[in-house]
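Asks: Take this structure first; my questions come after.
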Amino acid sequence: MSLSPELSGLIKQCVHNSHCSTNTHWRKAVPLANDRMRFALTALITCLIAGCSMQPPPANVPIAKEQIEMRTVVPLVRSLTPHDRGPTELEFDVPALPDDATPPVFIGVRLTGVDPTAVSESADKLISAGVSAELHLERIEPSGPVSVELQRSQRVGVGQQASIPLSADGMAPGLFAFDADGTTLQDAGLSTEQAASRELAFGYSNAVQPGRYRLKLRFDQNAEALVAANAQLLVAYTYKGK
């Protein structure tokens with residue numbers, strides 16, 4: 694590392710003064726302020742020579758639970774407690790995706806764990822438990838809220854499912870298996886490839902305009918099964934496949 698003539702001169706002067714500091718008569722003659730200035734200058738020059746710099750924060754720092762619970766952009770999750778039967782209102786933003794201006798979004802719950810088999814068994818139990826909920830989704834506009842029609846999946850035959858609208862009162866009679874878009878969940882710091890997870894839905898929309906939304910949710914029957922399974926409320930983009 695090459696130094697400028699001015700910096701070299703400062704270093705030589707600082708070193709010279711340091712040697713002179715052993716002379717008691719000289720130290721008495723020099724004001725204390727000069728000593729402090731010399732020490733500060735020495736530290737500054739040393740830092741410049743060593744190339745001191747602030748170290749960047751480590752990458753991929755896990756997101757704290759508190760930050761996750763405060764997220765108001767899809768995808769988002771919320772923990773559920775025995776007191777969360779509702780009614781509950783949740784406002785959030787739905788951004789457009791790079792490949793979809795009106796992406797599909799669903800409202801449901803998520804189960805996570807380290808054992809994929811145990812997670813799948815818990816999800817199947819929730820489907821069979823008949824957990825019902827009343828939900829209404831509104832897009833917030835300057836002129837007033839605009840209702841968003843939600844669909845649900847219903848079995849119509851052996852191994853066959855059909856999409857039907859939720860009733861006018863917003864009642865979803867139960868949860869059904871669904872798949873969230875894993876990439877957007879990982880990008881938001883809400884999931885990792887190492888964790889097992891299953892998603893279940895109360896309702897969904899295949900095309901949601903970007904904007905601000907309000908979800909009104911009230912759990913109805915068998916809501917205690919959600920808490921027992923450590924389920925999280927989930928609002929996420931729908932997995933569209935390859």
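Reading the sequence shown from the start, the letters are residues 694 to 935 in the working numbering. Every residue, glycine too, gets a C-beta built ideally from N, C-alpha and C.
For a test of the three-state rule: what should DSSP assign to K909, helix, strand or coil?
Replies: For the purposes of this step, residue 909 is identified with residue 216 of the sequence shown, where counting begins at 1. Here K909 sits in strand by DSSP.
Asks: Ends of the beta strand (DSSP E) at D793?
Replies: The sequence position of residue 793 within the sequence shown is 100, counting from 1. Here D793 belongs to no beta strand (DSSP E), and DSSP marks it neither H nor E.
Asks: Along the beta strand (DSSP E) that carries P858, what are the first and last residues, could you check?
Replies: One-based indexing of the sequence shown puts residue 858 at position 165. Residues 853-858.
Asks: How should S890 be labelled, buried or exposed, when 16 other C-beta atoms within 10 angstroms of its C-beta is the threshold for buried?
Replies: Position 197 of the sequence shown, counting from 1, holds the residue named residue 890. The residue is buried, with at least 16 neighbouring Cβ atoms inside 10 Å.
Asks: Quick one: what's S815 bridged to in DSSP?
Replies: As a position in the sequence shown, residue 815 is number 122, starting the count at 1. Partner(s): none; S815 has no beta bridge.
Asks: Pull up the distance between the alpha-carbon of Q844 and that of Q760, whole angstroms please.
Replies: Walking along the sequence shown from the start, residue 844 turns up at place 151. Walking along the sequence shown from the start, residue 760 turns up at place 67. The straight-line gap from Cα to Cα measures roughly 30 Å.
Asks: What does a CB cutoff of less than 8 Å around E842 pick up in its chain, not counting 5 residues either side in sequence?
Replies: Sequence index remark: in the sequence shown, residue 842 carries index 149 (1-based). The answer, listed in chain order, is P858, L859, S898.
Asks: With A870 as the anchor, note down where its beta strand (DSSP E) starts and where it stops.
Replies: Reading the sequence shown from its first residue, position 177 is the one you call residue 870. Residues 869-871.
Asks: Taking buried to mean at least 16 other C-beta atoms within 10 Å of its own C-beta, is P829 buried or exposed?
Replies: Locating residue 829 in the sequence shown gives position 136, where the first residue counts as 1. With the sequence shown as reference, residue 829 is identified as His, and Pro is not the correct amino acid for it. The residue in question, H829, is buried, as its Cβ has 16 or more Cβ neighbours within 10 Å.
Asks: Under 7 Å between the Cβ atoms of G684 and L927?
Replies: Outside the displayed span of the chain (694 to 935) sits residue 684, for which this structure offers no information.
Asks: On the CB-based measure, 16 or more other CB atoms within 10 Å of its CB, does V767 come out buried or exposed?
Replies: Here residue 767 corresponds to residue number 74 of the sequence shown, with the count starting at 1. Its Cβ being crowded by 16 or more others within 10 Å, V767 is buried.
Asks: Mind checking which residues open and close the beta strand (DSSP E) that includes D862?
Replies: As a position in the sequence shown, residue 862 is number 169, starting the count at 1. Per DSSP, D862 belongs to no beta strand (DSSP E) and is neither H nor E.
Asks: Just mark R803 as buried or exposed, buried being the case when its beta carbon has 16 or more other beta carbons within 10 Å.
Replies: In the sequence shown, residue 803 corresponds to position 110, counting from 1. It counts as buried.
Asks: Below 8 Å, can you find three or more Cβ-Cβ pairs linking the segment 787-798 to the segment 880-889?
Replies: Segments in contact, no.
Asks: Let me check one thing: in DSSP terms, what residues is F785 bridge-paired to?
Replies: Indexing the sequence shown from 1 puts residue 785 at position 92. Note: F785 sits in a beta bridge opposite Y906.
Asks: Report yes if the C-beta distance between N915 and G806 is below 7 Å; otherwise report no.
Replies: Position 222 of the sequence shown, counted from the first residue, corresponds to residue 915. Position 113 of the sequence shown, counted from the first residue, corresponds to residue 806. The answer is no: Cβ separation not under 7 Å.
Asks: Step through the CB atoms of chain D and report whether any lies within less than 7 Å of the CB of H776.
Replies: Going by chain labels, chain D is absent from the structure shown, which holds only one protein chain.
Asks: Looking only at C-alpha atoms, which of T765, E762, L769, R764 sits nearest to G875?
Replies: Translated into positions along the sequence shown, residue 875 becomes position 182. Comparing Cα positions, the closest option is L769.
Asks: To the nearest angstrom, how far is it from the Cα of V798 to the Cα of V849?
Replies: Locating residue 798 in the sequence shown gives position 105, counting from the first residue. Locating residue 849 in the sequence shown gives position 156, counting from the first residue. For V798 and V849, the distance between alpha carbons rounds to 23 Å.
Asks: Which residue wins for smallest C-alpha separation from E831, given the options A789, Q854, F785, T810?
Replies: For the purposes of this step, residue 831 is taken as residue 138 along the sequence shown, with counting starting at 1. Nearest C-alpha to E831: F785.
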